[in-house]
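Read the structure below first, then the notes.
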Amino acid sequence: MIDLRLLEKDFPAVSAQLSLRGVPRDQLERLVGLLDQRRRQVGERDDLRAYINSASKAIGQLMAAKQLVEADTKKQEVKDKKEALLHLEDTLRTLEEQIHQQHLELPNLPAPEAPRGTSEQDNVILRTHGYDPANYTQPYRPHWELAEQWGLLDLPRAAKTTGAMFTFYRGQGAKLIRALVHLGLSLNSERYTELIPPHFVRTETLTATGQLPKFAEDAYHLPADDLWAIPTAEVPLTSYYRDEILEFDQMPQCFMAYSVCFRREAGSAGKDTRGLQRLHEFHKVELLKFVRPEQALDEHQAMLGDVERMLQVLGLPYRVLDLCTGDLGNSAARTFDLEVYAPGVGRWLEVSSVSHFSDYQCRRGNVRYRDSQGKPQFAHTLNGSGLATPRIWAALIEQGQQPDGTILLPEILHEFMGTNRMGGDESCRRF
RNA sequence: GGAGAGGUGGCCGAGUGGUCUAAGGCGCAGCACUGGAAAUGCUGUGUAGGGCAACUUACCGAGGGUUCGAAUCCCUCCCUCUCCGCCA
């Protein structure tokens, strides 16, 4: 959530920033009107309550003094005031509900450094690492073909048991997922505390990160228990400190978590879904930090470096995009996307988003820290995919492919995989 | 799933309808005492909203209700613990 006081105090600036993300000005004007109305009604309500409180105390004293007639008169007075109070509380509740809903649906303010723009066309490529188009003059086969040849995936049987956009990983293909998860955690274990989160969360938890209320149809919901399957470990991790106040010198708090991620991908059926490009269920290592505002810029860059290092040791060509204001996720103030080049599909695949959420998520989740004066302030959150395995998996298969169809693995994975290449053994073929 | 007990400030803990604006203790901070410290004494010590000063309102797991008045009584839910059952 954004700061509503800031909206009132500096309306032109805030509405200009939000217009960069397509929030119309008159919507914000209406909200400010509601806030004004609330302030007046809260004042009236508190006056009524103050009267009732003191009168009730007086009644107690009258009754103790056995002045029952006076007490009864006073009681009737309070009863009338109480009726007015109940009515006022009722309208106020409706008003606050309205404000709350509108507030929840407002996106975050983009960081001033974020490039301006309206769509992904306007994203800025900051740098490209290890990519040379001259390497890709001969045809590369897509990962689903190679996976089929060596039995690394079983998409048809996953479709049978579960449905489209799910997969069985098989043999060395399954082991490669484990290797990637292991790598993502072990490369970062000195700087981040490992957590394994619950994979189902309450509605409040999914609201804190910003998926609810706007994006309910993107998440799997279990009505019998009113729980949601997590779309990313960011969700339980961001609520880890919900309703808590952290000490000044406890910051930053850095966590990493392996989890399975579940996404309904409503509206994207059939779009770039061949092979592992888009799955309903995948495995991911997530990095997350709670920081003080003044730490955020440096920690954001450090996290970006942590993610880039993983791509570098895997030897994957990648590029870093600075997302423009129009392409930022709802909760983010600034986002760097990392894309690896997958020559088989001939596309850059997004494998990580490293975002700064300013205090947007911590307001929703009420995560605070004590500043140097000891006053509670909202913390900032940062998070980034440490490794989203399916697309990394796909890129490794496509990048490593040899003329004979076998797949050379980057050296960092040799020890874990127990081999330097995948495929080549007809016995591993699927049947 | 069944039966029972419980949830009060940073922590422990008293409080079963009316100065609860929540006792007391621990912790923490300041001051005094001291050569310095310990011990001791005094003072202070939550969060949020409104005025931004005095003041005022809300918060005793959450939400609703009863009442002139609720930490206290009633209802629903959440969580913790104990025992039983089931189970990887």
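Numbering (my numbering), first residue to last: 36 to 466. Where is the CB? At the ideal position from N, CA and C, for every residue including glycine. In this text, all values refer to a predicted model and were calculated from it rather than measured experimentally.
Worksheet item: Of all the options E300, L311, L417, which has the alpha carbon lying nearest to the alpha carbon of D341?
Response: L417
Worksheet item: Are the Cβ atoms of E269 and M291 separated by less than 9 Å?
Response: no
Discussion item. Just verifying my parser: in three-state terms, what is the DSSP assignment at Q246?
Written reply: In this structure, DSSP gives Q246 a state outside helix and strand, which the three-state scheme calls coil.
Item to complete: Using DSSP bridges, identify the partner residues of R354.
Response: T163, E374
Worksheet item: In whole angstroms, what separates the C-alpha of R309 from that of R426?
Response: 11 Å
Worksheet item: Grouping DSSP H, G and I as helix and E and B as strand, with all else coil, what is F139?
Response: For the record, residue 139 in the displayed sequence is Leu; it is not Phe. Residue state, collapsed to three classes: helix.
Worksheet item: When we look at the beta-carbon of F325 and count the other beta-carbons within 10 Å, is it buried (16 or more) or exposed?
Response: buried
Fill in: When I265, R277, V104, V67 are compared against D394, the one with the closest alpha-carbon
R277
Discussion item. Suppose you measure from the CA of L384 to the CA of L444; what does that come to, to the nearest Å?
Written reply: 19 Å
Worksheet entry | A149 classed as buried or exposed, judged by whether at least 16 other C-beta atoms fall within 10 angstroms | buried
Worksheet item: Is the region 187–197 touching the region 444–456 in the sense that three or more CB pairs, one from each, lie closer than 8 Å?
Response: no
Worksheet entry | Other residues of its chain near E124: CB distance less than 7 Å, five sequence neighbours each side excluded | R80
Worksheet item: Can you give the Cα-Cα distance for F201 and G381, rounded to whole angstroms?
Response: Straight-line spacing of the CA atoms in F201 and G381 works out to 22 Å.
Discussion item. What does the alpha-carbon distance come out to for the pair L70 and Q76?
Written reply: The straight-line gap from Cα to Cα measures roughly 10 Å.
Item to complete: State the start and end residues of the unbroken alpha helix (DSSP H) segment that holds P425.
Response: 424–435
Worksheet item: Around the C-beta of G78, are 16 or more other C-beta atoms found within 10 angstroms, so that it is buried, or is it exposed?
Response: exposed
Practice prompt. Per DSSP, which residues does K319 bridge with? Please list them.
Written response: S294, A423
Fill in: Length of the line joining the Cα atoms of I134 and E140
10 Å
Item to complete: Could you tell me whether the Cβ atoms of R327 and Q436 are closer together than 9 Å?
Response: no
Fill in: Rounded distance between the beta-carbons of V216 and T454, thought under 8 Å
Actually they do not touch by this definition, with Cβ atoms about 18 Å apart.
Worksheet item: What do you reckon, are the CB atoms on S366 and T244 nearer than 9 Å?
Response: yes
Worksheet item: Residues bridged to H391 by DSSP?
Response: According to DSSP, H391 bridges with R369, L417.
Practice prompt. Using 10 angstroms around the beta-carbon of G458, count the other beta-carbons present and answer buried if the total reaches 16, otherwise exposed.
Written response: In this structure G458 is buried. Its beta-carbon is surrounded by 16 or more other beta-carbon atoms within 10 angstroms.
Worksheet item: With distances taken between CB atoms, is the gap from S274 to T240 smaller than 9 Å?
Response: yes
Discussion item. Tell me the rounded alpha-carbon separation between L356 and L190.
Written reply: Cα to Cα, the separation comes out at about 31 Å.
Worksheet entry | Collapsed DSSP secondary structure at V58 in the structure displayed | coil
Worksheet entry | Cβ neighbour criterion (16 or more within 10 Å) applied to Q434 | buried
Discussion item. Considering only the alpha carbon of each residue, which of A264, R40, G152, E282 lies closest to E242?
Written reply: Here residue 242 turns out to be Thr, not Glu, going by the sequence shown. Looking only at A264, R40, G152, E282, the smallest Cα-Cα distance to T242 is reached by A264.
Discussion item. I'd like to check one pair, E300 with H315: are the Cβ atoms closer than 9 Å?
Written reply: yes
Item to complete: Buried or exposed for T153, please, with buried defined as at least 16 other CB atoms from any protein chain shown within 10 angstroms of its CB.
Response: Classification for T153: exposed.
Practice prompt. Starting from D254, follow the beta strand (DSSP E) in both directions and report where the run begins and ends.
Written response: Checking the sequence shown, residue 254 turns out to be Ala, not Asp. Run containing A254: none; DSSP gives neither H nor E here.
Fill in: Nearest-angstrom beta carbon gap, A331 and H178 [assumed within contact, 8 Å]
Actually they are not in contact, since the Cβ atoms of H178 and A331 sit about 36 Å apart, beyond 8 Å.
Practice prompt. Flag this pair as touching only if the region 345–361 and the region 155–163 have three or more C-beta atom pairs under 8 Å; answer yes or no.
Written response: yes
Worksheet entry | Residue environment, R344, which counts as buried when at least 16 other CB atoms sit within 10 Å | exposed
Worksheet item: How would you write the range of the beta strand (DSSP E) that R237 sits in, first residue to last?
Response: Note, R237: premise wrong, no beta strand (DSSP E); not H, not E.
Worksheet item: Anyone know if the C-beta pair for L363 and V389 falls short of 9 Å?
Response: no
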